[in-house]
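In what follows, a single structure is set out as structure tokens and then discussed.
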Amino acid sequence: MYGDSASHDLRSALAAHHDVHMDNIVIGAGIDGLLGSLVRMTVTTGDTVVTSAGAYPTFNYHVNGFGGELVQVPFKNDMEDPDALINKAAETDAKLVYIANPDNPMGTCHSADVINDMINRVPDGCLLVLDEAYVEFAPEGTAPAMCVDDPRVIRMRTFSKAYGMAGARVGAAIGHKDLIANFAKVRDHFGMSRVSQAGALAALQDQTYLAQTQQNVVKSRDRISRIAHENGLTPITSATNFVTIDCGKSGDFARAVVAEMTTLGIFIRMPFVAPQDRCIRISAGTDADLDLFETALPKALSAARIKCP
Ligand SMILES: Cc1ncc(COP(=O)(O)O)c(C=O)c1O
Numbered sequence: 008m009y010g011d012s013a014s015h016d017l018r019s020a021l022a023a024h025h026d027v028h029m030d031n032i033v034i035g036a037g038i039d040g041l042l043g044s045l046v047r048m049t050v051t052t053g054d055t056v057v058t059s060a061g062a063y064p065t066f067n068y069h070v071n072g073f074g075g076e077l078v079q080v081p082f083k084n085d086m087e088d089p090d091a092l093i094n095k096a097a098e099t100d101a102k103l104v105y106i107a108n109p110d111n112p113m114g115t116c117h118s119a120d121v122i123n124d125m126i127n128r129v130p131d132g133c134l135l136v137l138d139e140a141y142v143e144f145a146p147e148g149t150a151p152a153m154c155v156d157d158p159r160v161i162r163m164r165t166f167s168k169a170y171g172m173a174g175a176r177v178g179a180a181i182g183h184k185d186l187i188a189n190f191a192k193v194r195d196h197f198g199m200s201r202v203s204q205a206g207a208l209a210a211l212q213d214q215t216y217l218a219q220t221q222q223n224v225v226k227s228r229d230r231i232s233r234i235a236h237e238n239g240l241t242p243i244t245s246a247t248n249f250v251t252i253d254c255g256k257s258g259d260f261a262r263a264v265v266a267e268m269t270t271l272g273i274f275i276r277m278p279f280v281a282p283q284d285r286c287i288r289i290s291a292g293t294d295a296d297l298d299l300f301e302t303a304l305p306k307a308l309s310a311a312r313i314k315c316p
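Using my numbering, you'd call the opening residue of the sequence shown number 8 and step up by one each time.
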């Protein structure tokens with residue numbers, strides 16, 4: 008049997024979880040899949056879309072794929088810049104403006120007040136895409152209250168991060184019911200497998216396990232930060248399941264560190280765009296993972312300092 012094309016059970020459980028109606032929720036193949044449907048629904052050739060330079064790139068692929076014109080504003084103090092995003096959206100008559108809160112790749116976040124202010128300033132004819140992939144790792148007061156009567160914002164949530172189910176590909180878009188209903192015109196109706204839907208429902212029902220994961224991630228972030236300090240580097244306070252570490256030098260130096268870590272068998276990543284590319288980005292992991300990281304990092308730094316003094 009196909010999976011339930013309406014994801015009824017998962018949507019009703021999520022609706023209860025967020026205290027909204029199930030008509031305010033659509034399920035898709037992760038946030039990535041939902042972003043694709045959203046851009047397909049709202050953007051046509053030549054339409055402007057605003058995001059931050061160096062923000063989550065998959066959104067950009069969809070915009071480019073559907074013929075939109077991407078306009079990018081810089082990060083400010085290693086954070087996405089809500090004022091610059093909204094001002095640019097107004098200036099360019101944008102159809103969509105995107106922010107991830109917390110953000111990838113810097114791991115920083117804005118408070119709910121800042122995001123609410125942003126929502127209140129969304130220009131007419133524009134929609135704010137609020138990507139909250141990491142919100143379960145963020146401090147209290149990061150997520151604004153759900154306000155699904157407001158047509159100016161759509162929120163994206165996922166089972167990939169705190170629920171640990173990235174391979175199952177389950178995400179949810181939450182917003183005004185008319186906007187959510189429009190997904191039916193473009194989405195892949197039988198794209199969600201039965202196993203993924205059942206798995207996500209079970210994960211949602213196990214909030215104890217979620218809380219344990221959240222605690223594990225806090226512990227892991229603390230240890231990554233400690234290791235960074237011990238190596239003379241500066242960890243950036245993280246609201247996600249990774250820690251971005253400022254290596255205090257050029258992008259070339261950070262790229263050399265990533266390359267040396269790869270040679271040592273440790274896969275880490277880094278921001279693509281300057282000046283954020285002075286950083287490396289380390290995922291939270293098990294004690295055993297971080298033992299390996301702790302051993303490899305000083306070696307990679309020494310090698311990188313020789314290659315990129
Ligand atoms: C900001 C952000 N949004 C969305 C995603 C992807 O989420 P999903 O697995 O639900 O497609 C990621 C994954 O790294 C991300 O960093």
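C-beta: ideal position from N, C-alpha, C; glycine also.
Since the model is a prediction, treat every value here as computed from it, not as a measurement.
Worksheet entry | Test item, CB below 5 Å from any non-hydrogen atom of ligand 1 | 37, 38, 39, 63, 107, 111, 138, 140, 165, 167, 178
Discussion item. Does the region 73-83 come into contact with the region 209-229, if we say contact requires no fewer than three beta-carbon pairs (one atom in each stretch) closer than 8 Å?
Written reply: no
Discussion item. Output needed for residue 22: all residues of its chain with C-beta closer than 8 Å, excluding positions within five of it in sequence on either side, in chain order.
Written reply: 28, 29, 31, 32
Worksheet item: Which of the three DSSP states, helix, strand or coil, is assigned to residue 125?
Response: helix
Worksheet item: Does the separation of the CB atoms of residue 46 and residue 69 fall below 7 Å?
Response: yes
Item to complete: Please name the residue in 8, 11, 37 whose C-alpha comes closest to that of residue 164.
Response: 37
Item to complete: Reducing DSSP to helix, strand and coil, say where residue 300 ends up.
Response: helix
Discussion item. Please report the distance separating the alpha-carbon of residue 238 from that of residue 128.
Written reply: 43 Å
Worksheet item: Counting only runs that start and end within the region 145-214, where is the alpha helix (DSSP H) found for 4 or more residues in a row?
Response: 184-189, 201-212
Worksheet item: Excluding the five sequence neighbours on either side, which residues of its own chain have a C-beta within less than 7 Å of the C-beta of residue 303, listed in chain order?
Response: 268, 271, 273
Item to complete: Apply the 10 Å Cβ neighbour rule to residue 39 and answer buried if 16 or more other Cβ atoms are within range, or exposed otherwise.
Response: buried
Item to complete: May I have the straight-line CA-CA distance separating residue 286 from residue 142, to the nearest angstrom?
Response: 22 Å
Item to complete: Could you tell me whether the region 298-316 touches the region 278-285, using the rule of 3 or more Cβ pairs below 8 Å?
Response: no
Worksheet item: Just curious, the alpha helix (DSSP H) that residue 66 is in, first and last residue?
Response: 64-72
Item to complete: Starting from the N-terminal side, write out each stretch of the alpha helix (DSSP H) that is 4 residues or longer and does not extend beyond the region 243-309.
Response: 258-270
Discussion item. Given a cut-off of 7 Å on the beta-carbon distance, is the pair residue 65 and residue 86 in contact?
Written reply: no
Worksheet item: How would you write the range of the alpha helix (DSSP H) that residue 45 sits in, first residue to last?
Response: 37-49
Worksheet entry | Start and end residues, beta strand (DSSP E) containing residue 58 | 55-59
Discussion item. Check this for me: beta carbons of residue 111 and residue 63, under 7 Å apart or not?
Written reply: yes
Practice prompt. Measure the C-alpha to C-alpha separation of residue 166 and residue 177 and round it to an integer number of angstroms.
Written response: 6 Å
Worksheet entry | residue 51 versus residue 306: straight-line alpha-carbon distance, rounded | 49 Å
Worksheet item: Apart from the five residues just before and just after residue 89, which ones in its own chain have a Cβ nearer than 8 Å to its Cβ?
Response: 106, 117, 121, 122, 124, 125
Worksheet item: Touch check for the region 221-234 and the region 292-303: three-plus C-beta pairs under 8 Å?
Response: yes
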